[in-house]
Amino acid sequence: MTSTKEIKNQIISVINTKKITKAMEMVAVSKMRKTEERMRSGRPYSDIIRKVIEHVLQGNLEYRHSYLEKRVIKRIGMIVISTDRGLCGSLNSNLFKKVLLKIQKFTKINIPCDFILFGLKSLSVFKLFGSHILSKTTNLGVNPNLIDLINSVEIILEEYRSNRIDKIFVAYNKFYNKMLQQPKVMQLLPLSRNSMENISTKKWDYLYEPESKFILDTLFKRYVESQVYQSILENIASEQAARMIAMKTATDNSGNRIKELQLIYNRVRQANITQELTEIVAGASAVSIN
578 MTSTKEIKNQ
588 IISVINTKKI
598 TKAMEMVAVS
608 KMRKTEERMR
618 SGRPYSDIIR
628 KVIEHVLQGN
638 LEYRHSYLEK
648 RVIKRIGMIV
658 ISTDRGLCGS
668 LNSNLFKKVL
678 LKIQKFTKIN
688 IPCDFILFGL
698 KSLSVFKLFG
708 SHILSKTTNL
718 GVNPNLIDLI
728 NSVEIILEEY
738 RSNRIDKIFV
748 AYNKFYNKML
758 QQPKVMQLLP
768 LSRNSMENIS
778 TKKWDYLYEP
788 ESKFILDTLF
798 KRYVESQVYQ
808 SILENIASEQ
818 AARMIAMKTA
828 TDNSGNRIKE
838 LQLIYNRVRQ
848 ANITQELTEI
858 VAGASAVSIN
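Note that the sequence shown covers residues 578 to 867 in the working numbering.
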């Protein structure tokens, strides 16, 4: 039978764990408010530039940008955005499962994949699989700077412009609310009507000043950068929300475990007292008989 001292040590250990998880929960709550605010402030620009692209794709463009070319797919690129730290539930594992399922479809038809990785967790997973990694960026923090991310994005864009990659996807966790974050794999390039979600059936043309090449080159580049940056912000907000939920669950479980151990401790202590009383009574009876 477990001694009361061992049970008491277990209770102390769980209490200390509960204090740590509670503190981490409060830190996650504080960070989540800031990251959610930053993520929501970035959505208008991302949504508007996406709508502009949707409108442009409905026009009869004289200048065909390389980002609009439909190619025979020989190689794909995957931008994977994960967290740097763990303790956020199944957030990363669900994302990796979706990415691997997507890659598996291309692998079956002998189409390889190159990776641009953001976050330490994605690096550890895809490095383990022996994936071809073009670039890796870790230690993003809660407020990443776009300038620090452009180089990694430019690497895969150069691969696309050089026809070494024919299709690019971005995978991240989309933030819906504090309780719901879901993995999403979105086609980034080539831009097409099929890759746009809310494109209209109406058609119209545009007049470009000074010229369509300059405007479209700038517009498409800003579009790609904004989508990747917004995806990173969405993933950071999802991380803090998932960590808050995970730490709250751990805190609640620790509280339940403490109650269970306290009951066990009381039962063992009561059994020990009963045994001691029995021994005293037995000893007293033996003395009185003598």
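All C-beta atoms, glycine included, are put in the ideal place defined by N, C-alpha and C.
Limits of the unbroken alpha helix (DSSP H) element including residue i
i, result
"H632", "581-634"
"N754", "Taken as a continuous stretch (DSSP letters only), N754 belongs to no alpha helix (DSSP H), being part of the beta strand (DSSP E) at 744-754."
"S729", "723-738"
"V702", "697-705"
Simplified DSSP state of residue i, which is helix, strand or coil
i, result
"G654", "strand"
"R762", "Reading off the sequence, residue 762 comes out as Val, not Arg. DSSP places V762 in strand when its eight states are reduced to three."
"I688", "coil"
"T714", "strand"
"L768", "coil"
"L664", "coil"
"I776", "Only weak support is given to the placement of I776: the predicted model assigns it a pLDDT of 49, under 50, and the question is left unresolved by the model."
Within 8 Å, strictly: CB atoms of residue i and residue j
i, j, result
"D624", "G654", "no"
"F703", "I693", "no"
"R873", "I630", "Residue 873 is absent from the structure shown; the chain starts at 578 and stops at 867."
"F752", "S815", "yes"
"V676", "A748", "yes"
"I656", "S803", "no"
"I588", "Q839", "yes"
"F695", "I658", "yes"
"T581", "Y842", "yes"
"R615", "L810", "yes"
"T715", "D661", "yes"
Cα-Cα separation, residue i to residue j
i, j, result
"N669", "Q758", "11 Å"
"S884", "R846", "Residue coverage of the chain in this structure runs from 578 to 867, which leaves residue 884 outside it and unanswerable."
"S712", "S729", "6 Å"
"N750", "I850", "56 Å"
"E613", "L765", "23 Å"
"L678", "L768", "22 Å"
"N812", "Q635", "31 Å"
"D829", "I592", "11 Å"
"V864", "L854", "15 Å"
"I776", "R641", "Only weak support exists for where I776 lies, its pLDDT of 49 falling under 50; the value from the coordinates is given anyway. So the two alpha carbons sit approximately 19 Å from each other."
"G663", "V719", "14 Å"
"G666", "F673", "13 Å"
"V801", "M763", "12 Å"
"E856", "S862", "10 Å"
"L697", "V604", "21 Å"
"A819", "E735", "34 Å"
"E583", "E837", "14 Å"
Anticipated Cβ contact below 8 Å, residue i with residue j, distance rounded
i, j, result
"I733", "I742", "7 Å"
"E602", "M821", "6 Å"
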